[in-house]
Each structure stands twice: as C-alpha cells, then as structure tokens.
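Position 26 of the sequence shown, counted from 1, bears residue number 25 in numbering that gives the first Met the number 0, the numbering being contiguous throughout.
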Amino acid sequence: MNSTVLITGATGGIGYEFVKLFAAKNFHIIAVGRNQEELDKLYSEFGGNIDSEIVCMKADLSDKMQVYDLLNYIKGSGREIDVLVNNAASAVFGEFICSDIEEEIASINTNISAFTIITKAILKDMVRRGSGRVLNVASTAAFKPGPLMAVYYATKSYMLSFSIAVASEIKDSGVSITVLCPGPTKTKFLEKSSPVELVNIDYSKMADPAEVALAGYSSLVKGKQLEIPGLKNKFNAIVAKLMPTSLLTDLLYRRRKKSIN
C-alpha cells in the first residue's frame, strides 16, 4: 500500500505544489480545501494517476465540526497518515479596529484551532507507530508583529512556537516535525485576505510557490526542524530578532500602508 499524505489548503499556491510533489512520489493523497470547484479541478488533474490516488475532501476548517468530520473520515478509511502537511490558512488585511471580527475569529479557528486539533489527532497515531513526518507551513510573519495583518502574524508565531516545542517533546519517537517559513510568495493569498484593492505589490520579487514547496519537502525528508527558503528571508528573520520591535513594526506599517489603494 502506498504511503498516505494529508494536505490541508491543497487547492492553490503552495498547497497545490505539494500535491504535485507527493503525486510524483506515488503517495495516496488526501487533499483538503474549501472550494468544491477547485477540488474538482484538482481531482481532474491528479485523479487519473495510476501510481497514486487522490481523495479530495471539502472542509471549512474554521468550523470545528467539519474538522472532526474530516478526522472521522480518515479514521474510518482505515488508512494511517504517514505525512501531514498543515498548509491551510486564512488572513484578514486591514487595521484591527476596523476589520471584521467574525472573519478574524474564522482565521484564528483555521490557523490555530483546526491546525492544533488535526496535528494532535494525527501525531498521536504517528508516535504510537514510531514513524511519521509533519510539515507545518508557517511564514516569515512568525518572526515579527504584523501591522494591518495583526491576527494573521500572531497565528503564524503560534505555529512556529508550537512546532518547535512539540518537536522537542517527541524527538526520540521516530516522528519529525518541520516548520516551513516562506517569505512573500506568488499566490492569491494576499488578494483574498484584503477587502480593498491592493497596489504597489511587486509579484516579480516574490518566491515561486513550486520552489517554496520543494524546499519544504526537502527539509521534511531530511527531518530538518526549521526551513526558511531564500537568503533574503533568512537575513530578514535575523534582522527581525535584532531590531527593536517598535522600530520594526513602524517600518512594516508604513510600508504596508502604501499597498492600500
């Protein structure tokens, strides 16, 4: 039986590239997304692969009941998850006092609650078996506060801290946790998160999602704990630790304010 990978946020950007990578490695793929049309496209592209299988599951991970429905499906399928890729995320762009609290709660539910619930359920089985790999897709946002995306940045800080802490707890179990922290990437994520039109965004300077996914996959295979793709992103992560927080956040706020039309 082929190894099985569970990928959340699988229908676009980095998640889609992970589906391509694992399909090429002949994994049985459980791909999770919110948009049925995008899931259908994913199945049309990868469903005919004779060397691997793909099951596309529609689930809104901001809804706890749908998270548990997903886990119940996996348990009922009889398949053990060999690799877990936590890629699903949502964000809200704008000043916190003006933004929609329900959208922010949904973002917290997806980025923190669902992520934690899924990881605990899958990780328990991995540790019991003494094998498995987890890849958590965070962001360079994890290393600093993020004005105009305050909730999103905070959730990514949670993911980074959580991943490193739990990796330490299970280091002798035969299971590894890798946290991937990409910088700005050419996806539709930022556009989807903003209620207003964004300008002055130079996509030409952003990373290719295929390259980001490959960096994450390579680190996952090696059992590396932290992967920050790109020298510039590594440098910026160091600067974020060394620069006074108030100065850093002021610079980020002024820069991001320019992107609002």
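For each residue, glycine too, the CB sits at the ideal point set by N, CA and C.
- For L134, the beta-bridge partners assigned by DSSP are V84 and T177.
- Here V91 is not near V4, since their CB atoms are 9 Å or more apart.
- Residue environment for M148: buried (at least 16 other C-beta atoms within 10 angstroms of its C-beta).
- Using a Cβ distance threshold of 9 Å, F17 and G215 count as a contacting pair.
- For K204, the three-state secondary structure derived from DSSP is helix.
- Note: G32 is bridge-paired with K57 in the DSSP secondary-structure output.
- The closest CA to that of S106, considering only V150, N48, A166 and L134, is found on V150.
- Close CB contacts of A141 within its chain, under the 7 Å cut and outside five residues either way in sequence, are with K155, S156, M158, L159 and C180 (chain order).
- Less than 9 Å divides the Cβ of V84 from the Cβ of G14.
- Here A166 has I176 and Q224 as same chain residues with Cβ atoms under 6 Å from its own Cβ, once five neighbours each way along the sequence are excluded.
- Under DSSP, I6 shares a beta bridge with A30 and V84.
- For T244, the three-state secondary structure derived from DSSP is helix.
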